[in-house]
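Enquirer: Residue numbers (my numbering), protein chains in the order written: chain V, 1 to 319; chain Y, 320 to 520.
Note that beta-carbon positions come from the ideal geometry of N, C-alpha and C, so glycine has one too.
Remember, predicted model here, so these are calculated numbers, not experimental data.
Just dropping this structure here.
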């Protein structure tokens, strides 16, 4: 008996041999936690319907993951929290006045098509929440472009970026009265917009928390926001407004940093962040959509395998 | 070759769309509505049956080295006939299908059947093969079209007659992404069924 025990100590398992305490579950719940302030503020701004949107989106995401994995006899990973993040993120990037079927169809699409059909967590090419939003924008063009005003029921208004692309900067300034008022409304989040994207401050807090506990690196968000600032400046737009408006902060901290659909190398992450920012501004300035964060990140998602391949670090001694 | 086997091959076992993944260009492009998919399928069936017969008749005369150009000439003849017939009898649908009618010439199902079947088999078998390959294609196109039209527009129209409608639609399904999505899901569904039945080689 004893000899068998000794033999067992000689058996070598495959790597990793040193384990940290970090699990998928812990990372996922850290991300959910860091999103809560911005999501909670969305509920405060836009009322109970926003809460219903968030709950139905998360509920459908988890249910889809659990149900499909059961049906296809896959390993059930619905409890690892990644479906919760997808659901929560999706709810945060749809208009707060959208009917409930929008997040329900969206999170079904995100989990069933974008995630599980590609092989589940770790194999999806695109960020599920963003790809689902693209599908929703194509499918429900009306419901996805009606923006509720904060604190007022039933009244809609354009988002700052919508106003900018429709009638120019002077209209935005008219709406907010002064430049300082405009910056502060956007920074604190008292504007029209998607459910969880309005408050740059709360997203920044959540994002910095994730950087501080090393769940995400600073490279992608910094490069993303930096290049949006720079490119908008080059286009002669107000760079600070460009950075604070739309989905830049939410996209830069929480979507572009998705482990699965972003590059793994250091240089790759810098290229990825720069590309996202540049494409965002190009779409905003030259395309027909007022906001470009979603398509910018999805387009860069496509380029990730290429970026990873060309930025592969050399192994020791390699010529 | 037994006629029954040729029929079953065309409809299911070697279904052009879901088994061999041929002719995907019209499959993705014209399946926005049942009527379009159906007319496209019928046009392809007509061209396929006629060209199969002619290729089979001429299979001993056509020199091996120039067989592909010869097939193309035969196919193009029947496509021109189909194009003119559609323009004369169903001008609206002809307009909707647009460039995809002349493009039947380069549809790989037709050239594929000419090359792999009609040029090696007698006339009657080739005719049956052409008809049922075409019907298999028509059925696949109709299936995709029905799914896309019902989900994407919330109604089903059959040659101008409204069959049913409801108040909800997911517009994405009639747009280009919906074509890839529907085709991909149906392909995986049929593969899944095959896998379950264990008939896949």
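1) Short of 9 Å Cβ to Cβ, which residues in the stretch 481-492 of chain Y face chain V?
2) Under 7 Å Cβ-Cβ, which residues of chain A neighbour residue 297/V?
3) Going by DSSP, what residue range makes up the beta strand (DSSP E) through residue 422/Y?
4) Would you say residue 505/Y faces chain V, with C-beta separation under 9 Å as the test?
5) Using 8 Å for Cβ pairs, my map puts residue 431/Y next to residue 329/Y. What's the rounded Cβ distance?
6) Report yes or no: is there a C-beta of chain Y within less than 9 Å of the C-beta of residue 136/V?
7) Please classify residue 261/V as buried or exposed, where buried requires at least 16 neighbouring CB atoms within 10 angstroms.
8) Let me know the secondary structure DSSP gives residue 148/V once reduced to three states.
9) Between which residues of its own chain and residue 378/Y is the CB-CB distance below 6 Å, once the five residues before and five after are set aside?
10) Name the residue from 482/Y, 372/Y, 376/Y and 423/Y whose alpha carbon lies nearest to the alpha carbon of residue 358/Y.
11) Along the alpha helix (DSSP H) that carries residue 27/V, what are the first and last residues, could you check?
12) Assign residue 394/Y to one of three DSSP states: helix, strand, or coil.
13) Does DSSP classify residue 474/Y as helix, strand or coil?
14) Taking 9 Å as the CB-CB cut-off, is residue 117/V touching chain Y?
15) Going along the chain, which unbroken runs of the alpha helix (DSSP H) with 4 or more residues stay wholly within the stretch 425-503 of chain Y?
16) Which residues bound the alpha helix (DSSP H) around residue 203/V?
17) Using 8 Å for Cβ pairs, my map puts residue 390/Y next to residue 374/Y. What's the rounded Cβ distance?
18) Report the rounded CA-to-CA distance for residue 292/V versus residue 276/V, giving the unit in angstroms.
19) May I have the straight-line CA-CA distance separating residue 520/Y from residue 507/Y, to the nearest angstrom?
20) With a Cβ-Cβ cutoff of 9 Å, do residue 476/Y and residue 348/Y count as a contact?
21) Given that residue 140/V touches chain Y, what residues does it touch there, using C-beta distances under 8 Å?
22) Would you call the CB atoms of residue 107/V and residue 58/V closer than 9 Å?
23) Taking residue 356/Y and residue 504/Y to be in contact with their CB atoms under 8 Å, please state how far apart those CB atoms are, rounded to whole angstroms.
24) Check the Cβ of residue 105/V against every Cβ in chain Y and list those closer than 8 Å, keeping chain order.
25) Taking the alpha helix (DSSP H) that residue 268/V belongs to, which residues open and close that run?
26) Consider the Cβ of residue 313/V: report whether some Cβ of chain Y lies at a distance smaller than 9 Å.
27) Hey, could you find the ends of the alpha helix (DSSP H) residue 86/V is sitting in?
28) Work out the CA separation of residue 365/Y and residue 406/Y for me, nearest whole Å.
29) Report back the beta-carbon spacing between residue 283/V and residue 289/V to the nearest angstrom; my notes put them in contact at under 8 Å.
30) If you count every other CB in all the chains shown that lies within 10 Å of the CB of residue 158/V, and 16 or more means buried, which is it?
31) Among the candidates 491/Y, 490/Y, 417/Y and 435/Y, whose CA atom is the shortest distance from the CA of residue 333/Y?
32) Could one say the Cβ of residue 519/Y lies closer than 9 Å to chain V's Cβ atoms, at least one of them?
33) Less than 9 Å separating the beta-carbons of residue 472/Y and residue 488/Y?
34) Looking only at DSSP bridge pairs, what is residue 156/V linked to?
35) Shorter than 9 Å from the beta carbon of residue 289/V to some beta carbon of chain Y?
36) Taking a Cβ distance cut-off of 7 Å, strictly less, list which residues of the stretch 383-417 of chain Y are near chain V, in chain order.
Expert: On the basis of the coordinates in this document:
1) 487, 488, 489, 490, 491 and 492
2) Looking for chain A here will not work: the only protein chains present are V and Y.
3) No beta strand (DSSP E) contains residue 422/Y, which DSSP labels as neither H nor E.
4) no
5) With 8 Å as the limit, residue 431/Y and residue 329/Y do not qualify as a contact, their Cβ atoms being about 12 Å apart.
6) yes
7) By the neighbour-count rule (16 or more Cβ atoms within 10 Å), residue 261/V is buried.
8) strand
9) 438
10) 423/Y
11) 24-46
12) helix
13) strand
14) yes
15) 427-432 and 442-472
16) 200-212
17) With 8 Å as the limit, residue 390/Y and residue 374/Y qualify as a contact, their Cβ atoms being about 6 Å apart.
18) 9 Å
19) Here the model assigns residue 520/Y a pLDDT of 48, short of 50, so the residue's position is not dependable and the matter cannot be decided.
20) no
21) 489 and 490
22) Remark: C-beta atoms of residue 107/V and residue 58/V approach each other more closely than 9 Å.
23) Contact check for residue 356/Y and residue 504/Y: beta-carbon distance about 16 Å, past the 8 Å limit, so the pair fails to qualify.
24) 489
25) 266-286
26) no
27) First-last of the alpha helix (DSSP H) with residue 86/V: 82-92.
28) 15 Å
29) That belief holds up - the Cβ atoms of residue 283/V and residue 289/V are roughly 6 Å apart, short of 8 Å.
30) Label assigned to residue 158/V: buried.
31) That would be 435/Y, whose Cα lies nearest to the Cα of residue 333/Y.
32) Only weak support exists for where residue 519/Y lies, its pLDDT of 48 falling under 50; the value from the coordinates is given anyway. Not one chain V Cβ lies under 9 Å of residue 519/Y.
33) yes
34) 148/V
35) no
36) Of all residues in the stretch 383-417 of chain Y, none has a Cβ within less than 7 Å of some Cβ in chain V.
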